[in-house]
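Q:
Numbering (this note's numbering), first residue to last: 1 to 153.
(1) Assign residue 20 to one of two classes, buried (16 or more other C-beta atoms within 10 Å of its C-beta) or exposed (fewer than that).
(2) Indicate whether the contact test is met: 3 or more Cβ pairs, each with one atom in the region 142-149 and one in the region 38-47, closer than 8 Å.
(3) When the distance is taken between beta carbons, is residue 146 closer than 7 Å to residue 57?
(4) Specify, as a first and last residue, the run of the beta strand (DSSP E) that residue 134 falls within.
(5) Alpha carbon to alpha carbon, how far is residue 137 from residue 89? Give it in angstroms, no decimals.
(6) I need the DSSP call for residue 83, collapsed to helix, strand or coil.
(7) Assess, as a yes-or-no matter, whether the region 78-97 is touched by the region 53-70 under the definition of 3 or more beta carbon pairs within less than 8 Å.
(8) Is residue 65 helix, strand or coil by DSSP?
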């Protein structure tokens, strides 16, 4: 693994785009660029899109809403967060989110430490497979990265 001990500047549009779960995740800073301290990503979610309820055991997540109507589920309730809003989800907190608007939503995702970008890249590889993803393999990738999927009630 290459590590950097120098400042890193990434211009708009220069990130790595990954496609999985119907979303596009642009990785602007990976753990390899930050010595594992954090990852910085921009996610675009289509109307009606989102993630299943889950818990991270390895990283904290910070969401910075840029545009769209996004509802976040944490502590047993849904809360809509508009542009300029911030959501902090420490590891161990069950959560999910969904785009409840009529247009794509975008939010920054910052994880500490890094690692989530590797999880998403592995899922993107699975989604890109001929014939579509093996969902059992997607569940295994979650498990391998310390992410537990939960039933949503």
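Cβ atoms here follow ideal geometry from the backbone N, Cα and C, with glycine treated the same way.
A: Once the coordinates are examined:
(1) Buried, by the Cβ-count rule.
(2) No contact exists between the region 142-149 and the region 38-47.
(3) Yes; because the gap between Cβ atoms is below 7 Å, this pair is in contact.
(4) Note, residue 134: premise wrong, no beta strand (DSSP E); not H, not E.
(5) Linking residue 89 to residue 137 through their CA atoms gives a straight-line distance of about 26 Å.
(6) When secondary structure is reduced to three states using DSSP, residue 83 falls in the coil class, being assigned neither helix nor strand.
(7) The region 53-70 is in contact with the region 78-97.
(8) Reduced to three states, the DSSP call for residue 65 is strand.
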